[in-house]
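For reference, the structure is listed below as structure tokens.
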Amino acid sequence: MSPPEYPGATLKSNVHRRKAWFDRGARALKSVAAVDGEIYACPICFRGFSSDALGQGLLTEDHVPPESLGGRPLVLSCRECNNRAGHAFESHMEKLDARLAFNRGQPRRPVRMKLRAWESTLRVMARGDDKTLTIDLGERGNNPADRDAHLKHLDEASRFPLRKFEFQMSFDDQLDMGAARKGWLRSAYLVAFAAFGYHYAIHPQVRRLVESLQESGFRADNYVFLDGEASLPANQILILKDPTWLEGHISISFGRCAIMLPGRRTPDPTFEQGLARLRDNSETAIHGRIIKWPRGLELRLDLPD
Ligand SMILES: [Zn+2]
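The sequence shown begins at 422 in our numbering and counts up one residue at a time.
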């Protein structure tokens with residue numbers, strides 16, 4: 422993308438947007454809690470901030486999904502929560518995205534892989550599209566003798582194209598799938614917060630889920646469905662009708678994955694059971710009412726138009 426023509430003007434409009442979101446959030450917070458003065462609560466940790474926090478950089482624009490995955494600013498969150506997610510989740514979300522793109526045959530970023538053939542293993546970079554697989558053997562960290570032996574074998578293989586030649590490839594990107602899934606769960610929650618607001622966020626089941634993102638023992642597997650496990654639309658919010666055992670709950674799809682979030686009913690023990698059932702029955706069709714994807718901090722339940 423080319424840089425903006427008037428960077429000064431862009432900077433100014435970002436400042437304006439942050440202030441507008443702060444004011445909107447502060448007004449929305451009053452609809453759910455008794456607060457003195459103008460306070461915005463971070464949707465992740467729920468700590469309150471005055472508008473001075475904007476100028477001090479303590480309240481920041483949170484990109485959903487992360488900027489490196491094409492996300493846009495959607496909410497304000499505190500710098501601490503924003504940075505923590507960056508460190509804990511973002512690189513794993515990028516690695517998962519590269520894998521999913523590779524598996525679909527869509528070249529995006531090259532992925533780090535291990536190539537095993539002729540009884541030795543090489544670290545390689547691979548890039549695939551629907552017709553070709555390009556493997557770069559020049560990766561550092563390989564024993565030069567191994568690499569030369571592989572090249573010699575490959576050269577022979579290319580001269581005898583009818584001879585059978587087998588190799589195995591596996592991902593070598595140190596992806597922490599649990600961290601990637603937690604990152605997607607966090608992004609989905611922020612979409613729901615941007616759309617619905619504090620009335621949604623203070624729901625005990627939702628709070629518990631957001632708090633558990635910080636717990637190392639928490640597993641987000643049942644909440645996050647990856648591309649390949651289901652066919653997924655881009656940027657879609659659904660309030661579920663079918664299956665009936667998940668009725669009223671929320672599905673948020675980002676194209677490459679979809680996330681299930683609790684609805685806004687009273688605490689519902691069957692939600693977790695419903696997710697487990699959905700995981701066991703991957704053919705289950707999901708239907709519901711489509712809700713408009715938020716363009717920014719809309720907080721619709723707190724601030725009805
Ligand atoms: Zn926070």
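The C-beta atom is built at its ideal place from N, Cα and C for all residues, glycine as well.
Backbone CA spacing between residue i and residue j [nearest angstrom]
i	j	result
T555	A679	30 Å
S637	A622	22 Å
M422	G717	Any answer about M422 is weak, because its pLDDT of 48 lies below 50 and its placement is not dependable; what the coordinates show is given next. Going from the Cα of M422 to the Cα of G717 covers about 22 Å.
L653	L647	9 Å
A455	C466	18 Å
P683	I671	6 Å
E488	L720	22 Å
E540	E587	11 Å
H620	V453	6 Å
K535	R520	14 Å
E511	L630	19 Å
N656	K573	48 Å
L634	D689	19 Å
Sub-9 Å separation of residue i and residue j beta-carbons
i	j	result
L543	H571	yes
G695	A641	no
E482	R439	yes
R727	R568	A question about residue 727 goes unanswered here, because the residues of the chain that appear run from 422 up to 726.
G384	Y461	Residue coverage of the chain in this structure runs from 422 to 726, which leaves residue 384 outside it and unanswerable.
V627	Y610	yes
L497	G469	no
A522	R677	yes
Q589	D551	no
L517	R500	no
Enclosing alpha helix (DSSP H) for residue i [first to last residue]
i	result
V496	Not the alpha helix (DSSP H): V496 falls in the beta strand (DSSP E), residues 493–499.
K535	K535 -> not in any alpha helix (DSSP H); beta strand (DSSP E) instead, spanning 532–538.
H513	512–525
R716	Taken as a continuous stretch (DSSP letters only), R716 belongs to no alpha helix (DSSP H), as it is neither H nor E.
R629	625–633
S579	565–580
Interface flag, residue i vs chain B, CB-CB below 9 Å
i	result
L667	This model lacks chain B altogether, as it is built from one protein chain only.
Nearest neighbour of residue i, chosen from the options [CA to CA]
i	options	result
E668	F639, H708, I658	H708
H484	R607, A578, V627	R607
R505	I712, G604, S703	G604
P725	G492, E632, A616, V612	A616
E515	G526, R629, E704, R602	R602
R700	M681, G618, R525, I712	M681
D473	P494, D444, A538, H624	D444
D594	N524, S703, H513, D576	H513
Element boundaries [beta strand (DSSP E), containing residue i]
i	result
K662	657–663
Q694	Looking at the DSSP string, Q694 is not in any beta strand (DSSP E); the run it does join, the alpha helix (DSSP H), is 691–701.
L554	554–557
F614	First-last for F614: 598–617, but that is the alpha helix (DSSP H), not the beta strand (DSSP E).
Original post:
Whose beta carbon lies closer than 6 Å to any heavy atom of ligand 3, going through the chain in order?
Top reply: Looking for ligand 3 in the displayed structure turns up nothing; the ligands present are ligand 1.
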